[in-house]
Amino acid sequence: MRRILWFRRDLRVEDNPLLSFGAEVLPIFIFDENILKELPKNDKRVTFIFHHVVKLKSDLQKVGLDLKIFYGNPEDIFEELRGFDEVVASGDYDSYAKERDIKISHILHFRYLSDTYIFKPKEVLKDNGEPYFVFTPFYKKARALLTHKNIDEVKVAEHNLAQEDYEGIHIKGKKLPLELGSIGFIKQNIEIVSPHIKLDNFLKKIDRYQETREYLSVDATSSLSVDLRFGTISVRAVLRALFSLKSSDIEPFIRQLIFRDFYAYLLFHIPTLERQNYKYDFNGVEDDDKFKAFCEARTGVPIVDAGVRELLQTGQMHNRVRMVAASFFTKDLLLPWQWGEKFFALHLLDYDLASNALSWQWSAGTGVDPQPYFRVFNPYLQSKKFDNDAFYIKKWLPELRDIEAKNIHNEAFLLSTYIKDYSTLNIVHKEAKARALSYYKKSLH
Ligand SMILES: Cc1cc2nc3c(=O)[nH]c(=O)nc-3n(C[C@H](O)[C@H](O)[C@H](O)COP(=O)(O)OP(=O)(O)OC[C@H]3O[C@@H](n4cnc5c(N)ncnc54)[C@H](O)[C@@H]3O)c2cc1C
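Numbering (numbering that gives the first Met the number 0), first residue to last: 0 to 444.
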């Protein structure tokens, strides 16, 4: 048996089900030109992925294997690899990935594995066999089903490495040096920390996770989302580390991991959630000027602008700020949630279609969850509560550093005061909320 082991969202050697398939193997990674050609040359994620692909290659070499790296259209690449018996890869649920894999399965036998999530999409079902659409019952069922089988470390099989040319990057018949520039991208200055170091640091403070995770200046969360996204650590390894802590309060964190599963599960069962409302017909009002102001951190609402600055500079944004910014975008600015989803998709290092699109639908009130459309965050109350001293806001908006924290949470002060270098759309939250609710109500009839 000659197998291609296709690494995608599982950029690691340890605890990787791909490596439980033995015989003669060709481990590969494809820089997919259909995805990459849409991205700006300074995309931060490509720097992150490239770093981990090079690390994966070196880690595979340490266990007697290697990684052949391609750039191109996956279908064309598999046409060239027809001499193999099958391709093995972990499942991906977004529509592009599903269509691509179906096309490839017409070229070579395709064996899907389950790696990215704790559960397979059909594992957590109601007693009548239907999927859950509400999180809490899903969580309860998932928790009851979670056993060592879901978290055991995968056993590595015996392999013979296929005789191939493993040097450089293979691009349409040419071989270029293994450098980011060979695929047309420019290295970005982003901090890349080993997921194991992040996990170790996080476990030391896990007892305070629930109490502090919403506060913007407390480094309370794990920062593992980007690693779970690209599989530089397995979700099983994270769970094993949690279960080894006998005395800590691990449940709130497990709940978040199950939340991540839930969004992927929903997207699997309702693929249209990727772009279309699940409920309600309204879709916001297109307004290029407001959209531009949001994307350039010029709305005049400090917590929202600080979040966008953080996103543009680092590729990250605190979860609470994502919620406030998305609520402001869809309600106060009344813009289509799909525009916000696309903006986040372009900049988030941890961008994941399921978590992003479904969180945007949650914020817009158009998703499957019982969240009512009339729930609107007040961004000033949010910043007062979660960034009372305005440390987070001042970090990302230095133009506000001389403004007293209490005034940063005071809409009337901000609307009536000229602040050098800080622009505003002059949105009055109460009026914007009323306009959004009236628009929504009209659309319901
Ligand atoms: C509008 C919006 C867009 C979002 N887009 C994404 C996205 O593209 N990719 C992404 O991974 N997360 C997304 N999230 C969820 C959440 O903001 C991030 O997962 C979280 O901020 C990551 O930080 P962390 O790893 O320190 O989280 P922790 O608090 O340490 O949580 C642990 C893990 O649980 C998962 N998790 C935590 N919160 C959520 C959540 N609300 N939804 C789903 N999974 C969660 C993540 O994998 C995370 O790494 C979005 C949330 C909102 C409101």
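The C-beta atom is built at its ideal place from N, Cα and C for all residues, glycine as well. These numbers come from a predicted model, not from an experiment.
Given LYS491, which residues of its chain have a CB within under 8 angstroms of its CB, disregarding the five upstream and five downstream residues? Nothing can be reported for residue 491, as the shown portion of the chain is limited to 0 through 444.
Under 8 angstroms, with one C-beta from each stretch per pair, do the stretch 315-330 and the stretch 402-421 reach the 3-pair mark? no
Pull the bridge partners of TRP5 from the DSSP assignment, please. ILE27
Cβ of THR231 versus every heavy atom of ligand 1: is any distance shorter than 7 angstroms? no
Applying the criterion that 16 or more other CB atoms from any shown protein chain within 10 Å of the CB defines a buried residue, is PRO251 buried or exposed? exposed
Decide if the stretch 340-358 is in contact with the stretch 394-405; the criterion is three or more beta carbon pairs, one per stretch, under 8 angstroms apart. no
Might you give, ordered along the chain, the residues of its own chain that have their beta carbon closer than 8 angstroms to the beta carbon of LEU223, omitting 5 neighbours on each side? PRO194, LYS197, LEU198, PHE201, ILE232, VAL237
Whose C-alpha, out of LEU35, TRP338, LEU347, ASP288, is nearest the C-alpha of ARG308? LEU347
Closest by C-alpha distance to VAL300, when choosing among LEU144, GLN381, ALA161, ILE34: GLN381
Classify PHE47 as helix, strand or coil using the three-state DSSP reduction. helix
Only counting the same chain, and skipping five residues up and downstream in sequence, which positions put a Cβ closer than 6 angstroms to that of TRP5? ILE27, VAL86, ALA88
Assign VAL45 to buried or exposed, taking buried as 16 or more other Cβ atoms, counted over all protein chains shown, within 10 Å of its Cβ. buried
Report yes if the C-beta distance between SER442 and ASP286 is below 8 angstroms; otherwise report no. no
Output the boundary residues of the alpha helix (DSSP H) element that contains ASN149. 147-150
Assign ASN188 to one of two classes, buried (16 or more other C-beta atoms within 10 Å of its C-beta) or exposed (fewer than that). exposed
Could you check where the alpha helix (DSSP H) with LYS67 kicks off and where it finishes? No alpha helix (DSSP H) contains LYS67, which is instead part of the beta strand (DSSP E) from 67-71.
Which listed residue (LYS154, TYR372, PHE267, PRO176) has its alpha carbon closest to that of VAL12: LYS154
Range covered by the beta strand (DSSP E) that runs through HIS317: Per DSSP, HIS317 belongs to no beta strand (DSSP E) and is neither H nor E.
Beta-carbon separation of SER354 and TYR262 under 8 angstroms? yes
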